[in-house]
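Those letters in the sequence shown? Residues 61 to 139, by my numbering.
Here a beta-carbon is modelled for each residue, glycine too, at the ideal position from N, C-alpha and C.
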Amino acid sequence: MDSANALERMKTKYNELKEKCRPFLEALEHFPEVAKLFTEKVKQLFSFKEAQERAEKEAREKERQERIKARRNKRGMER
């Protein structure tokens, strides 16, 4: 019974996704170049966002390492 429920949920999710994607699929059929350009632009935006998030994470880690180093140096001078 569990697998039957899982299959029904998957079918429902698939149909919901298909319905949400319908405008894009129709555009892809009628205007393939525009749809491809749209897809490429979305990929670029996600790539930019990922690179930005990665750079921010690296900057935070660098700041954290510098704070740790400063604390160690301060402790070393106190001894």
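Tell me, to the nearest whole angstrom, how far the beta carbon of leucine 88 is from that of alanine 95; I am working on the premise that it is less than 8 Å. A Cβ-Cβ separation of about 4 Å places leucine 88 in contact with alanine 95 under the 8 Å criterion.
What did DSSP end up calling phenylalanine 98 once you bin it into helix, strand or coil? DSSP places phenylalanine 98 in the helix class (H, G or I) of the three-state scheme.
Can you tell me where the alpha helix (DSSP H) holding phenylalanine 84 begins and where it ends? First-last of the alpha helix (DSSP H) with phenylalanine 84: 62-90.
Inter-residue Cα distance where the pair is glutamate 116 and lysine 73: Here the C-alpha atom of glutamate 116 lies approximately 35 Å from the C-alpha atom of lysine 73.
Through-space distance from threonine 99 to glutamate 86, alpha-carbon basis: Across the structure, glutamate 86 and threonine 99 are spaced so that their CA atoms are roughly 14 Å apart.
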